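In terms of our numbering, the sequence shown has 145 at position 143, counting the first letter as 1, and numbering is strictly consecutive.
The beta carbon of each residue, even a glycine, is placed where N, CA and C say it ideally should be.
Since the model is a prediction, treat every value here as computed from it, not as a measurement.
A short write-up of the structure that comes next.
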Amino acid sequence: MNARLFFMALALFGLLIWWLDWPQVEMSVHILQPPSVKYWLGTDTLGQDVLLRLLEALPGTLLVAICCGILPLAAGLGLASVSTFCGGLVDRALLKLTDIFMIIPSILPLMIMSALLEPGVSTVIILISALSWPDDFRVLRAAIQRQLFSDAVLSARHFGAARFYLLRRHVWPVLFPLMEALLLQNARRAIMLSAGLAFLGLTDPRLANWGTLLLEAQERIHHPAFWWMLPGPLCAMTLLILLLNNFNGKRNPEHT
Numbered sequence: 003m004n005a006r007l008f009f010m011a012l013a014l015f016g017l018l019i020w021w022l023d024w025p026q027v028e029m030s031v032h033i034l035q036p037p038s039v040k041y042w043l044g045t046d047t048l049g050q051d052v053l054l055r056l057l058e059a060l061p062g063t064l065l066v067a068i069c070c071g072i073l074p075l076a077a078g079l080g081l082a083s084v085s086t087f088c089g090g091l092v093d094r095a096l097l098k099l100t101d102i103f104m105i106i107p108s109i110l111p112l113m114i115m116s117a118l119l120e121p122g123v124s125t126v127i128i129l130i131s132a133l134s135w136p137d138d139f140r141v142l143r144a145a146i147q148r149q150l151f152s153d154a155v156l157s158a159r160h161f162g163a164a165r166f167y168l169l170r171r172h173v174w175p176v177l178f179p180l181m182e183a184l185l186l187q188n189a190r191r192a193i194m195l196s197a198g199l200a201f202l203g204l205t206d207p208r209l210a211n212w213g214t215l216l217l218e219a220q221e222r223i224h225h226p227a228f229w230w231m232l233p234g235p236l237c238a239m240t241l242l243i244l245l246l247n248n249f250n251g252k253r254n255p256e257h258t
């Protein structure tokens, strides 16, 4: 199964469990219980099953990964196409804009805007996407420029092909493997950034998130519960990122 089919399956699964009436994890009197037959990963400070909380956070994590994988890629592809064909002032302005974005570490404006805006999944998606497109723009702009000098594009230009026709028939299809790799790269980065924001307490605490579970584990660092509250979210996030990286490795942008 290639990266495209995998991401489509992941998207359908994420949307399905997001729209379902996901049961809320109930509190109990079994506070900070170690792993057992009943509670495989133990319980937290509210007596909630850590395993169920991990599963509760999965839909939101997949939604962020999917949206933040697609939106920056779409913005980067559109702007790279405009920049390449327009050239001149438009190209220079977009390059300067991406320079500004890339000079400043993305986590800083992400933290500031998350603290100022209303917390929520949509806010996280918009902020991460808005700060992720410059990388895709740079890579795709260079790839489109190379493709414009291919024999197919030069022949089509000789016969008077329009710009959009060139993009649709001779440029974008060739870039599909590269776009798949960028899509998965964006998704991995979004998972880490969203968990990082939750770990810093900059997202809605009412929303389940693996970063929130890491924060709760860190707060119990001097308690034995730390050792069963930490591995769950850490392993879940690591496995999902490694899974995306496995498909990404088959279509590395450097080899397209």
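With distances taken Cα to Cα, identify the nearest neighbour of Leu-217 among Trp-230, His-225 and Gly-203. Here residue 217 is taken as the residue at index 215 of the sequence shown, counted from 1. With distances taken between Cα atoms, Leu-217 lies closest to Gly-203.
For my contact list, Leu-133 and Pro-111 are in at a C-beta cut-off of 8 Å; report their separation, rounded to the angstrom. For this step, residue 133 is matched to residue 131 along the sequence shown. For this step, residue 111 is matched to residue 109 along the sequence shown. About 6 Å separates the two Cβ atoms, so the contact holds.
If you follow the alpha helix (DSSP H) that Arg-140 is in, where does it begin and where does it stop? Locating residue 140 in the sequence shown gives position 138, counting from the first residue. That run of the alpha helix (DSSP H) goes 123–149.
Phe-167, enclosing alpha helix (DSSP H) - first and last residue: Position 165 of the sequence shown, counted from the start, is the residue given in the question as residue 167. Here the sequence assigns Tyr to residue 167, which means Phe is not the residue at that position. It spans 165–168 - the alpha helix (DSSP H) in which Tyr-167 sits, taken as one unbroken run.
Just confirm the distance between the C-beta atoms of Thr-100 and Arg-148, as a whole number of angstroms; I'd bet it's less than 8 Å. Counting from one through the sequence shown, the residue named residue 100 turns up at place 98. Counting from one through the sequence shown, the residue named residue 148 turns up at place 146. At roughly 18 Å, the Cβ-Cβ gap does not stay under 8 Å, so Thr-100 and Arg-148 are not in contact.
Taking C-alpha atoms, which residue in Ser-124, Thr-125 and Trp-135 lies nearest to Ile-102? What you label residue 102 is simply residue 100 of the sequence shown in a count that begins at 1. Of the candidates Ser-124, Thr-125 and Trp-135, the one whose C-alpha sits nearest the C-alpha of Ile-102 is Trp-135.
Where Asp-153 falls, given that 16 or more other Cβ within 10 Å makes a residue buried: The count along the sequence shown starts at 1 and reaches residue 153 at position 151. Its Cβ having fewer than 16 others within 10 Å, Asp-153 is exposed.
What's the call for Cys-237, buried or exposed, on a 16-neighbour Cβ count within 10 Å? The sequence position of residue 237 within the sequence shown is 235, counting from 1. The residue is exposed, with fewer than 16 neighbouring Cβ atoms inside 10 Å.
Could you pull out every residue in the same chain whose Cβ sits closer than 7 Å to the Cβ of Pro-37, ignoring the five residues on either side in sequence? On the sequence shown, position 35 is the one that residue 37 refers to. If we look at Pro-37 and ignore the five residues flanking it on each side, its Cβ neighbours are Leu-43, Gly-44 and Trp-230.
Helix, strand or coil at Asp-93 [DSSP, three-state]: In the sequence shown, the residue the question calls residue 93 occupies position 91. Here Asp-93 sits in helix by DSSP.
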